[in-house]
Amino acid sequence: MAVRKTRVPMPEQGSAERIGNFNEVPLGYTAEMAQEEAGRCLQCKNPPCIEGCPVAVQIPQFIAAIKEGDFRRAIRTIKETNNLPAVCGRVCPQEEQCEVRCVLRKKGEPIAIGRLERFAADWEAAEGLAEIEKTGPDKARKVAVIGSGPAGLTVAGDLAKKGYRVTVFEALHAAGGVLVYGIPEFRLPKAIVEREVDYVRKLGAEVLTNVVVGYTLTIDDLKEQGYDAIFLGTGAGLPRFMGIPGENLNGVYSANEFLTRTNLMKSYLFPEYDTPIKCGRRVAVVGGGNVAMDAVRCALRLGAEEAYIVYRRSDEEMPARREEIEHAKEEGVRFRLLTNPKRILGDEKGWVSGMECLQMELGEPDASGRRRPVPIEGSEFVLEVDTVVMALGTRPNPVLPRQIQGLELRSWGGIIADEETGRTSAPGIWAGGDSVTGSATVILAMGAGKKAAADMDRYLRGK
Amino acid sequence: MYEIIEKRTLNPTIKLFVVKAPLVARRAEPGQFVMVRIHEKGERIPLTIADYNPGAGTVTIVVQEVGKTTALLGAMEPGDSLPDFLGPLGVPAELPTGGRVMCVGGGVGVAPVYPKAKAMFERGVEVISVIGARTAELLILEEEMRAVSRKLYVTTDDGSKGHHGFVTDIVDRLLREEGSYDEVIAVGPLVMMQAVARVTKPHGVKTWVSLNPIMVDGTGMCGACRVTVGGKTRFCCVDGPMFDGHEVDFEEAIRRARMYQEEETLAREQCRCGGEGYGG
Chain A
1 MAVRKTRVPM
11 PEQGSAERIG
21 NFNEVPLGYT
31 AEMAQEEAGR
41 CLQCKNPPCI
51 EGCPVAVQIP
61 QFIAAIKEGD
71 FRRAIRTIKE
81 TNNLPAVCGR
91 VCPQEEQCEV
101 RCVLRKKGEP
111 IAIGRLERFA
121 ADWEAAEGLA
131 EIEKTGPDKA
141 RKVAVIGSGP
151 AGLTVAGDLA
161 KKGYRVTVFE
171 ALHAAGGVLV
181 YGIPEFRLPK
191 AIVEREVDYV
201 RKLGAEVLTN
211 VVVGYTLTID
221 DLKEQGYDAI
231 FLGTGAGLPR
241 FMGIPGENLN
251 GVYSANEFLT
261 RTNLMKSYLF
271 PEYDTPIKCG
281 RRVAVVGGGN
291 VAMDAVRCAL
301 RLGAEEAYIV
311 YRRSDEEMPA
321 RREEIEHAKE
331 EGVRFRLLTN
341 PKRILGDEKG
351 WVSGMECLQM
361 ELGEPDASGR
371 RRPVPIEGSE
381 FVLEVDTVVM
391 ALGTRPNPVL
401 PRQIQGLELR
411 SWGGIIADEE
421 TGRTSAPGIW
431 AGGDSVTGSA
441 TVILAMGAGK
451 KAAADMDRYL
461 RGK
Chain B
1001 MYEIIEKRTL
1011 NPTIKLFVVK
1021 APLVARRAEP
1031 GQFVMVRIHE
1041 KGERIPLTIA
1051 DYNPGAGTVT
1061 IVVQEVGKTT
1071 ALLGAMEPGD
1081 SLPDFLGPLG
1091 VPAELPTGGR
1101 VMCVGGGVGV
1111 APVYPKAKAM
1121 FERGVEVISV
1131 IGARTAELLI
1141 LEEEMRAVSR
1151 KLYVTTDDGS
1161 KGHHGFVTDI
1171 VDRLLREEGS
1181 YDEVIAVGPL
1191 VMMQAVARVT
1201 KPHGVKTWVS
1211 LNPIMVDGTG
1221 MCGACRVTVG
1231 GKTRFCCVDG
1241 PMFDGHEVDF
1251 EEAIRRARMY
1261 QEEETLAREQ
1271 CRCGGEGYGG
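Residue numbers (this note's numbering), protein chains in the order written: chain A, 1 to 463; chain B, 1001 to 1280.
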């Protein structure tokens, strides 16, 4: 059989159907599809794909196992380095990590690594297997992990596997961090997150919800309780607003609030679930990242008739994954590019009635290397919307860092941590994920967690 | 799970619960709050800590039944458990250790005033308290407040007990006649706190109010609780809940508090139709 140049397509829910529900959009490969796609892998001697993976999954190995139909070996291989494969297979930007390095790209499409990873993880879940493999004997040392998002779960999983006594402290009532409050059901079903959290629990980590370190317990309390090493994976908490007039009108949300209500609190099922959301008929989401795409696609599913992305640069500069932008376009999202809000207008009762925007043009490149958007004078126009969602990124929550003596922070509040080890300036404290980098991706947080876990292990052995 | 140890009915719609939550009790200070969820499909609501006992590991909350969640909570009994009880959150009140302070509580707002009055009273502050309600039977924690106040004034809107009128009448009179208050702490409905702040402003008395806006996570993540104070946007959950009453944009706070009125009505009606009922 000739090797196909294009990847085996993955079935999806049609766009007309899916905007009426919160079910997952891509439906996953069948075993036949997965084996056919796996057959395209060249099994490179020096595989470049692995270099692109922040957690160094042995990609050709697991793909070979899928090709042979040994799915159990495939998932086992992945789980040697990745505790959250079902999550990564869905939300990693493979196109700029592993797949972008694939040799097949020279003549066609790269191998669909993410889809195959997802297939292997889902196969394991369907078979109800989830084998637990510990790599070290039980140890007496205690590790505290603060935050149960992707960085924290990775640290917890890796160190629990090695036999440490790990406790994860989560502020919310459910574990998973951004995986449960931020990423919508249609992109990452919550049942999958629960499964991955359960896996980390089965490895031996204890996960405590309703404990917000900084309030319920302090870092000093943890040290007194005998935790020998502490990992801060607290994420980027505080939402940013633009500082323009009208942002406190009723009907203006931060993306964090809009998504938390929708995903964590399931307000799309109100009144079966108690948390309401006010999503109007015409919704503008300000921003061009993945979070903006998540919010705007939620708005459609919450019943918005018109949903806009308002972004101040052009299509090329949008930081969201292409796949997310394409999905949003298919679903009917309208993109108002080179457009920047100037103020939000309100009606007599204080509800959003519109958003005055300026047209922009691209000027000289700025510090980020992207061409700087410059307002076109006199180009004001009003976008008629009744709901505005600000998806402009977040800043780290200062409550915990400011309680830790000797912890050095960046000017914007990010924790300073060594890139290779995750060590902070405070002894016995590591950090990784968005609390260090600012808003980034799930896999980068996991990569940081991986490095920190390895260094924490070295530190604890030497202690 | 967080077990309800004790329940007291303070008035037909206000219930007091003592909840077993040792970690919260250990760190709680006056002015702080907890986020509570009462069942698996429930919303997260902020409730002010009304008292705490680190030794017994308990935290007291006082709940007025205004919507579905508070109505269902009001119907819970000792032995029942709350699945989620997160805290203590927010910035503790910066309470003076001397001088003379007026504590003003309206309606269910008397409950959050109480731990502050108590803490100050124990430190030797001259606490003068003014508490009010619509009518005598709705007045709560009168005896508790009396025990921690040098003097206690009671007002009812209908004159069924104490002064016939609003708490602001007494606040105004005391400031005029007695002067020399170091601070006023006022907690109650937004309109009451706004009125108190208006009355105290010409006297130049520092006036603290405690806000209780809509929150989702309660830890600084969602920004639902933003409030304008001194022209700046603040997050009530991490910057508050206590703010300078003379700087708070009350009109905005009142408007934002009404954001989900329709949904609240719908939820409450459905809850009634569903026959789950609510005590009281």
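C-beta atoms are modelled at their ideal positions from N, C-alpha and C, and glycine is treated no differently.
Could you give the distance in angstroms between the alpha-carbon of residue i and the alpha-carbon of residue j?
{"i": "residue 1274/B", "j": "residue 1267/B", "result": "Note that residue 1274/B scores a pLDDT of 40, beneath 50, so its modelled location is shaky; the value from the coordinates is reported in the next line. Computed Cα separation, rounded: 10 Å."}
{"i": "residue 1280/B", "j": "residue 195/A", "result": "For residue 1280/B, the predicted structure reports a pLDDT of 27, less than 50, and the residue's modelled location is therefore unreliable. The matter cannot be settled from this model."}
{"i": "residue 468/A", "j": "residue 307/A", "result": "This structure cannot settle anything about residue 468/A, because the visible part of chain A is limited to 1 through 463."}
{"i": "residue 183/A", "j": "residue 1181/B", "result": "51 Å"}
{"i": "residue 1122/B", "j": "residue 1101/B", "result": "13 Å"}
{"i": "residue 1080/B", "j": "residue 135/A", "result": "42 Å"}
{"i": "residue 1003/B", "j": "residue 1028/B", "result": "18 Å"}
{"i": "residue 1164/B", "j": "residue 1212/B", "result": "27 Å"}
{"i": "residue 1107/B", "j": "residue 1189/B", "result": "7 Å"}
{"i": "residue 387/A", "j": "residue 65/A", "result": "49 Å"}
{"i": "residue 404/A", "j": "residue 214/A", "result": "9 Å"}
{"i": "residue 113/A", "j": "residue 85/A", "result": "11 Å"}
Please report the Cβ distance between residue i and residue j, rounded to the nearest whole angstrom; I am assuming they are in contact, meaning their Cβ atoms lie under 8 Å.
{"i": "residue 81/A", "j": "residue 57/A", "result": "5 Å"}
{"i": "residue 142/A", "j": "residue 227/A", "result": "5 Å"}
{"i": "residue 260/A", "j": "residue 1239/B", "result": "In fact, because the Cβ distance is near 19 Å, the residues do not count as touching under 8 Å."}
{"i": "residue 1025/B", "j": "residue 1058/B", "result": "6 Å"}
With distances taken Cα to Cα, identify the nearest neighbour of residue i among the options.
{"i": "residue 359/A", "options": "67/A, 311/A and 282/A", "result": "311/A"}
{"i": "residue 395/A", "options": "376/A, 146/A, 328/A and 433/A", "result": "433/A"}
{"i": "residue 301/A", "options": "15/A, 10/A and 21/A", "result": "21/A"}
{"i": "residue 1068/B", "options": "48/A, 32/A, 91/A and 272/A", "result": "272/A"}
{"i": "residue 1014/B", "options": "1143/B, 1169/B and 1111/B", "result": "1111/B"}
{"i": "residue 277/A", "options": "255/A, 291/A and 242/A", "result": "255/A"}
{"i": "residue 1244/B", "options": "1255/B, 1235/B, 1230/B and 1177/B", "result": "1230/B"}
{"i": "residue 107/A", "options": "86/A, 40/A and 204/A", "result": "40/A"}
{"i": "residue 447/A", "options": "411/A, 88/A and 128/A", "result": "88/A"}
{"i": "residue 1222/B", "options": "1044/B, 1083/B and 1001/B", "result": "1044/B"}
{"i": "residue 279/A", "options": "299/A, 383/A and 263/A", "result": "299/A"}
{"i": "residue 1186/B", "options": "1170/B, 1177/B and 1176/B", "result": "1170/B"}
{"i": "residue 375/A", "options": "118/A, 73/A and 337/A", "result": "337/A"}
Just to confirm before moving on: does the CB-CB distance between residue i and residue j stay below 8 Å?
{"i": "residue 232/A", "j": "residue 431/A", "result": "yes"}
{"i": "residue 13/A", "j": "residue 23/A", "result": "yes"}
{"i": "residue 289/A", "j": "residue 391/A", "result": "yes"}
{"i": "residue 229/A", "j": "residue 207/A", "result": "no"}
{"i": "residue 1089/B", "j": "residue 1017/B", "result": "no"}
{"i": "residue 1129/B", "j": "residue 1152/B", "result": "yes"}
{"i": "residue 27/A", "j": "residue 48/A", "result": "no"}
{"i": "residue 370/A", "j": "residue 317/A", "result": "yes"}
{"i": "residue 144/A", "j": "residue 222/A", "result": "yes"}
{"i": "residue 443/A", "j": "residue 54/A", "result": "yes"}
{"i": "residue 1137/B", "j": "residue 1011/B", "result": "yes"}
{"i": "residue 156/A", "j": "residue 205/A", "result": "yes"}
Closer than 8 Å by beta-carbon distance: list the chain B residues that pair up with residue i, in chain order.
{"i": "residue 272/A", "result": "1041"}
{"i": "residue 265/A", "result": "1043, 1044 and 1216"}
{"i": "residue 260/A", "result": "1216, 1217, 1221 and 1222"}
{"i": "residue 173/A", "result": "1037, 1044, 1083, 1084 and 1086"}
What does residue i touch in chain B if you count any residue whose Cβ is under 9 Å from its own?
{"i": "residue 254/A", "result": "1221, 1222, 1223, 1224 and 1226"}
{"i": "residue 399/A", "result": "1219, 1220 and 1238"}
{"i": "residue 241/A", "result": "1223, 1226 and 1233"}
{"i": "residue 211/A", "result": "1023 and 1086"}
{"i": "residue 238/A", "result": "1220, 1221, 1223, 1235 and 1238"}
Any heavy atom of the ligand GTP inside 7 Å of the beta-carbon of residue i?
{"i": "residue 144/A", "result": "This structure simply doesn't include the ligand GTP, nor any ligand for that matter."}
Mind listing the chain A neighbours of residue i? Cutoff is C-beta to C-beta under 8 Å, in chain order.
{"i": "residue 1260/B", "result": "276 and 278"}
{"i": "residue 1243/B", "result": "Residues of chain A passing the Cβ test: none, with the nearest at roughly 15 Å."}
Mind pulling the chain A residues with CB within less than 9 Å of residue i?
{"i": "residue 1267/B", "result": "270, 271, 274 and 276"}
{"i": "residue 1047/B", "result": "Here the premise fails: no neighbours, minimum Cβ distance about 14 Å."}
{"i": "residue 1027/B", "result": "215, 216, 217, 218 and 221"}
What in chain A is Cβ-close to residue i, meaning under 7 Å?
{"i": "residue 1270/B", "result": "271"}
{"i": "residue 1252/B", "result": "248"}
{"i": "residue 1070/B", "result": "Chain A residues near residue 1070/B: none, gap ~11 Å exceeds 7 Å."}
{"i": "residue 1016/B", "result": "The contacting residues do not exist; residue 1016/B stays about 22 Å from chain A at best."}
Could you tell me which chain B residues have their CB closer than 7 Å to the CB of residue i, listed as they occur along the chain?
{"i": "residue 257/A", "result": "1216, 1222, 1223 and 1224"}
{"i": "residue 217/A", "result": "1023"}
{"i": "residue 350/A", "result": "1255"}
Just to make sure I have the definition right: I need the residues of chain E whose C-beta is within less than 8 Å of the C-beta of residue i. Which are they?
{"i": "residue 1089/B", "result": "Looking for chain E here will not work: the only protein chains present are A and B."}
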